[in-house]
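Take a look at the structure below.
Number of protein chains: 2
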Amino acid sequence: MPSQFDPPSGTRDFLAAEVELREHVFGRIGSVYSRYGFEPLQTPAFERLDVLLGKYGDEGEKLIFKILRRGEHEASGEADLALRYDLTVPLARVAAAYGSQLPTPYKRYAIGQVWRADRPGKDRYREFAQCDLDTLGSPSLLADAETLCAQYDALTEVGLPEFSFQLNSRRVLAGLLVAYGVPEDLGAGVLTSLDKLDKLAPADVIAELAGRGLAPEQASEIVTALTAPDSTDRLRTALAKTDEGTAGLDEVDTVLSFVAAQIPGDRIAFTPRMVRGLSYYTGPVWEILAAGVSGSIGGGGRYDGLIRQLGGPDVPATGAALGIERIVSLVSGSDSLTRSRIDVAVTVMREDLAVQSFELAARARAAGLRASVYLGSSGKLGRQLKWASDSGARWCAIYGDQELEQGTVTVRDMVSGEQTPVPLAEFGSYLADAAARGEA
Amino acid sequence: MPSQFDPPSGTRDFLAAEVELREHVFGRIGSVYSRYGFEPLQTPAFERLDVLLGKYGDEGEKLIFKILRRGEHEASGEADLALRYDLTVPLARVAAAYGSQLPTPYKRYAIGQVWRADRPGKDRYREFAQCDLDTLGSPSLLADAETLCAQYDALTEVGLPEFSFQLNSRRVLAGLLVAYGVPEDLGAGVLTSLDKLDKLAPADVIAELAGRGLAPEQASEIVTALTAPDSTDRLRTALAKTDEGTAGLDEVDTVLSFVAAQIPGDRIAFTPRMVRGLSYYTGPVWEILAAGVSGSIGGGGRYDGLIRQLGGPDVPATGAALGIERIVSLVSGSDSLTRSRIDVAVTVMREDLAVQSFELAARARAAGLRASVYLGSSGKLGRQLKWASDSGARWCAIYGDQELEQGTVTVRDMVSGEQTPVPLAEFGSYLADAAARGEA
Numbered sequence: 005m006p007s008q009f010d011p012p013s014g015t016r017d018f019l020a021a022e023v024e025l026r027e028h029v030f031g032r033i034g035s036v037y038s039r040y041g042f043e044p045l046q047t048p049a050f051e052r053l054d055v056l057l058g059k060y061g062d063e064g065e066k067l068i069f070k071i072l073r074r075g076e077h078e079a080s081g082e083a084d085l086a087l088r089y090d091l092t093v094p095l096a097r098v099a100a101a102y103g104s105q106l107p108t109p110y111k112r113y114a115i116g117q118v119w120r121a122d123r124p125g126k127d128r129y130r131e132f133a134q135c136d137l138d139t140l141g142s143p144s145l146l147a148d149a150e151t152l153c154a155q156y157d158a159l160t161e162v163g164l165p166e167f168s169f170q171l172n173s174r175r176v177l178a179g180l181l182v183a184y185g186v187p188e189d190l191g192a193g194v195l196t197s198l199d200k201l202d203k204l205a206p207a208d209v210i211a212e213l214a215g216r217g218l219a220p221e222q223a224s225e226i227v228t229a230l231t232a233p234d235s236t237d238r239l240r241t242a243l244a245k246t247d248e249g250t251a252g253l254d255e256v257d258t259v260l261s262f263v264a265a266q267i268p269g270d271r272i273a274f275t276p277r278m279v280r281g282l283s284y285y286t287g288p289v290w291e292i293l294a295a296g297v298s299g300s301i302g303g304g305g306r307y308d309g310l311i312r313q314l315g316g317p318d319v320p321a322t323g324a325a326l327g328i329e330r331i332v333s334l335v336s337g338s339d340s341l342t343r344s345r346i347d348v349a350v351t352v353m354r355e356d357l358a359v360q361s362f363e364l365a366a367r368a369r370a371a372g373l374r375a376s377v378y379l380g381s382s383g384k385l386g387r388q389l390k391w392a393s394d395s396g397a398r399w400c401a402i403y404g405d406q407e408l409e410q411g412t413v414t415v416r417d418m419v420s421g422e423q424t425p426v427p428l429a430e431f432g433s434y435l436a437d438a439a440a441r442g443e444a
Numbered sequence: 005m006p007s008q009f010d011p012p013s014g015t016r017d018f019l020a021a022e023v024e025l026r027e028h029v030f031g032r033i034g035s036v037y038s039r040y041g042f043e044p045l046q047t048p049a050f051e052r053l054d055v056l057l058g059k060y061g062d063e064g065e066k067l068i069f070k071i072l073r074r075g076e077h078e079a080s081g082e083a084d085l086a087l088r089y090d091l092t093v094p095l096a097r098v099a100a101a102y103g104s105q106l107p108t109p110y111k112r113y114a115i116g117q118v119w120r121a122d123r124p125g126k127d128r129y130r131e132f133a134q135c136d137l138d139t140l141g142s143p144s145l146l147a148d149a150e151t152l153c154a155q156y157d158a159l160t161e162v163g164l165p166e167f168s169f170q171l172n173s174r175r176v177l178a179g180l181l182v183a184y185g186v187p188e189d190l191g192a193g194v195l196t197s198l199d200k201l202d203k204l205a206p207a208d209v210i211a212e213l214a215g216r217g218l219a220p221e222q223a224s225e226i227v228t229a230l231t232a233p234d235s236t237d238r239l240r241t242a243l244a245k246t247d248e249g250t251a252g253l254d255e256v257d258t259v260l261s262f263v264a265a266q267i268p269g270d271r272i273a274f275t276p277r278m279v280r281g282l283s284y285y286t287g288p289v290w291e292i293l294a295a296g297v298s299g300s301i302g303g304g305g306r307y308d309g310l311i312r313q314l315g316g317p318d319v320p321a322t323g324a325a326l327g328i329e330r331i332v333s334l335v336s337g338s339d340s341l342t343r344s345r346i347d348v349a350v351t352v353m354r355e356d357l358a359v360q361s362f363e364l365a366a367r368a369r370a371a372g373l374r375a376s377v378y379l380g381s382s383g384k385l386g387r388q389l390k391w392a393s394d395s396g397a398r399w400c401a402i403y404g405d406q407e408l409e410q411g412t413v414t415v416r417d418m419v420s421g422e423q424t425p426v427p428l429a430e431f432g433s434y435l436a437d438a439a440a441r442g443e444a
């Protein structure tokens, strides 16, 4: 049951370890993308309402968070702004706004929060991060291939163990409908049903196709072709007999040839039955699957007409997204990412020794370590050592009467419990050496 | 005049160079703060409306962006959520929500956007970043001193050339009122007027004080004491005669002694007339001034009662903020931060050579460089070299018929124009060597 101090329904507070994990993942992905010459873009959290309306269909539009007009208009209950729903509509707006100031092609990535008033649930949030990579202004399949390679490198760099690409082309799908004699008016519905072959049994998909008006033998023939063990070969033969199918195969094979040197052959496969639901794709499409995860963790494709539809200029475009919330939870098991808060904890045994303790912490920082003095009120060593241990400190620097007299500081190894008296002047270098020896 | 493609009034789109500058500054500050053992916290962009209401006074409350209820309640025009107005109220909520799960003391930093429906103007935005550093749960002046040192290091690290701290204590101000016989009921108003001594002439402040009901001789005496060349000495003498003043001086001197080893003496000064407007401060207060900038670029202080007032637990607290938008604009002149988009541009002279070009770009990336192939449709070298130059590439790798025949790639130095044929197998190491020689 939510308490009055919980964050709003569907949102999360990220404490230290989660912030660090997320920033690590986002940072790695961003650095791979810039290695490919993509540049970052950040747009405001909200847009004018009219920029967002009419872009996401009825279902999507219901999920837009609207912001009340301020000032004298507040009482009207009218909205004039809305939180962004994705990163694509803002991209279209930016492309329209900055035109020739942007490089051609404009290759950009964006990692940022979006907001949707969806019913919150497991892995479904009202505030979540998206990670987009898009190239506006290039009709070349090299741009599609570059996008695939950048995604492959990014996922490899964040340490995702097993993932693979399913590659298809909208033109292959169009050819498929022709090759199997599907009436044109049933085309879109048939593809929607075929897209379910990952989740439903073939018989159920056949039934659904029949329900859409496809002759039962035809439904059965097309589903069998898509699910047979030698499906890809069978379909290649069938597709090669149609113009659109031939063009689609050519598109897929060209992309595969471009990426061959960078994406291992067992990590990307031509997958003729993969539809990638969104209707705006016009060329190559792909999805990314990860071991042990249902559904895709990312995908992309060419969408030559969309930017104009969204209010931007009429440019060819290709792009891809990573399901970054899911990816963060997949890599969160990795131990190397859980960090302690500090390396060196410095005691404050008496108020009149506080200046010296403060200086010791500064010297530890100057040696490149994270350090903090004890800020509590207890003068007891036991309490202060407990704080040092709770903070995850590797060392505790103890400075009391005895150390004052001897001109030393006692460095306690918090793992072994061993204590070493170190002359004050050597404290920084002692820690730097210990850290360099890998004790940190 | 704003066009339909501009971002909403008071907000900004950040293109590549600005994103990189901002992330550079934010990243440096965050890394200094974590060196001091502060941990990051991220809270949602919006809070439940009742969490924010009643926290910012009437003027502040008018600036809160409210979000309409969704679903069936939308038509009511009622709001149930609101964009966060600062990072402090969310901190109080987090302290209440997570209690003992948080370390004691809880030292956290937060860098994030906040939203205020203010009238947009020069340097005044409706969406802007704040950067907060706070310690909850320690009554020790060491915590105040640590905050000052962390801010000093952070500003030094981002390369801000000249800045200094004005340090005071709320108890010094209380002692001042006693020492100069200001009636208790006039105290708050008198301090508000004295806070203007930075902007107004002494005579104007005296007039304002008289208007508040202070006797003219008294007003004149106190303003003279605060503005005289030997002001600090004069005031020390006066303050030492009152209990509150003595305690305040002690507080200031203790903090100064703690930071002495880290903040040079000419960068921090006891400034008795600095009030730091916000009424919730209870102990040391400070502001940060930068050369050539009017007003402060940051500040902080101890605010022992505030977290409870804001709905959090009853804990002592101290903290500070940096005016990070201003700081970003102060360091934006630095050339070292303007980066090109790529290091290596690779031509695609003919479609059937695209696979090889694509591979060359991959090898450049493997050598640690940012690289991209030409994604346009022109087969002309001149056009492709223009693209390479526009992208800020240091080298252009040319691969055409001649290179195909000779098994080489021509590497053009985009600065000197010099072209070197490099055997294909040596391309990566050739670039790595050139980059290591500092040509990049």
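Line by line, the protein sequences are chains A and W. Mind the numbering: the first sequence is residues 5 to 444 in the working numbering, read in order. Mind the numbering: the second sequence is residues 5 to 444 in the working numbering, read in order. All C-beta atoms in this analysis are idealised placements derived from N, C-alpha and C, irrespective of residue type, glycine included.
How long is the line joining the alpha carbons of residue i and residue j, rounded to whole angstroms?
i: G14(W); j: L57(W); result: 23 angstroms
i: I328(A); j: L282(A); result: 19 angstroms
i: F30(A); j: Q117(A); result: 12 angstroms
i: S340(A); j: L204(A); result: For S340(A), the pLDDT reaches just 48, beneath the cut-off of 50, and the residue's location in the model is therefore unreliable, leaving the point undetermined.
i: Y434(A); j: L373(A); result: 12 angstroms
i: Q388(A); j: S382(A); result: 7 angstroms
i: R345(W); j: G299(W); result: 36 angstroms
i: R26(A); j: L159(A); result: 14 angstroms
i: G206(W); j: R271(W); result: What sits at residue 206(W) in the sequence shown is Pro, not Gly. In a straight line, the C-alpha of P206(W) is about 25 angstroms away from that of R271(W).
i: S38(A); j: R416(A); result: 43 angstroms
i: A101(W); j: G191(W); result: 37 angstroms
i: L379(A); j: E150(W); result: 10 angstroms
i: P11(W); j: P48(A); result: 7 angstroms
Using a Cβ cut-off of 8 angstroms (strictly closer), state whether residue i contacts chain W.
i: K70(A); result: yes
i: P124(A); result: no
i: T15(A); result: yes
i: V209(A); result: no
i: A149(A); result: yes
i: Y40(A); result: yes
i: G404(A); result: no
Is residue i close to chain A, meaning its C-beta is less than 8 angstroms from at least one C-beta of that chain?
i: A20(W); result: yes
i: S340(W); result: With a pLDDT of 49 at S340(W), under the threshold of 50, the modelled position of that residue is not reliable, and no figure is offered here.
i: F502(W); result: As displayed, chain W neither begins before 5 nor continues past 444, which places residue 502(W) out of reach and without an answer.
i: D308(W); result: no
Using CA atoms only, rank isn't needed, just tell me which of the options is closest to residue i.
i: T231(W); options: E78(W), L198(W) and L218(W); result: L198(W)
i: L357(W); options: V377(W), V348(W) and R345(W); result: V377(W)
i: T92(W); options: G372(W), V332(W), L389(W) and Q313(W); result: Q313(W)
i: D62(A); options: F50(W), G75(W) and Q423(W); result: G75(W)
i: V263(A); options: L389(W), T47(W) and V359(W); result: V359(W)
i: D308(A); options: Y89(A), L145(A), G163(A) and D54(A); result: L145(A)
i: K384(W); options: L364(W), E363(W), E355(W) and E409(W); result: E355(W)
i: D148(W); options: L45(W), A365(W), C135(W) and G305(W); result: G305(W)
How about residue i: is its C-beta nearer than 8 angstroms to some C-beta of chain C?
i: S381(W); result: Looking for chain C here will not work: the only protein chains present are A and W.
Next on the checklist: If contact is defined by three or more beta carbon pairs under 8 angstroms, each pair taking one atom from either stretch, is the segment 64-84 of chain W in contact with the segment 121-131 of chain W?
Outcome noted: Touching, yes.
Item to check | Touching by the beta-carbon criterion (3+ pairs, under 8 angstroms), the segment 82-100 of chain A and the segment 154-173 of chain W | outcome: Contact between the segment 82-100 of chain A and the segment 154-173 of chain W is not established, with fewer than three Cβ pairs separated by less than 8 angstroms.
Item to check | Cβ pair count under 8 angstroms reaching 3, the segment 344-355 of chain A against the segment 401-420 of chain A | outcome: Counting C-beta pairs closer than 8 angstroms gives three or more between the segment 344-355 of chain A and the segment 401-420 of chain A, which meets the contact rule.
Next on the checklist: I want to know whether the segment 255-264 of chain A touches the segment 163-181 of chain A - three or more CB-CB distances under 8 angstroms.
Outcome noted: As far as the Cβ criterion goes, the segment 255-264 of chain A touches the segment 163-181 of chain A, which means the pair count is three or higher.
Next on the checklist: With three or more beta-carbon pairs closer than 8 angstroms as the criterion, would you say the segment 388-398 of chain A touches the segment 361-371 of chain A?
Outcome noted: Contact fails between the segment 388-398 of chain A and the segment 361-371 of chain A, because fewer than three Cβ pairs, one in each stretch, are under 8 angstroms apart.
Next on the checklist: Whether or not the segment 133-144 of chain A and the segment 105-125 of chain A are in contact is what I'm after, with contact meaning three or more pairs of Cβ atoms, one per stretch, closer than 8 angstroms; do they touch?
Outcome noted: Result yes; three or more Cβ-Cβ pairs closer than 8 angstroms.
Checklist entry - At which residue ranges does the segment 162-197 of chain A contain complete beta strand (DSSP E) runs of 3 or more residues, listed in the order of the chain? => result With a minimum length of 3 residues, the continuous beta strand (DSSP E) runs that stay inside the segment 162-197 of chain A are 167-173.
Next on the checklist: Please give me, in chain order, every unbroken run of the alpha helix (DSSP H) with length at least 4 that falls completely inside the segment 122-162 of chain A.
Outcome noted: Counting whole runs of 4 or more residues, the segment 122-162 of chain A contains the alpha helix (DSSP H) stretches 145-161.
Checklist entry - Along the chain, which unbroken stretches of the beta strand (DSSP E) at least 3 residues long are found entirely within the segment 272-323 of chain A? => result The qualifying runs are 272-274, 288-294 and 302-306.
Checklist entry - Would you call the segment 273-289 of chain A and the segment 220-239 of chain A in contact, with 3 or more CB pairs under 8 angstroms? => result Touching, yes, given that three or more Cβ pairs across the two stretches are closer than 8 angstroms.
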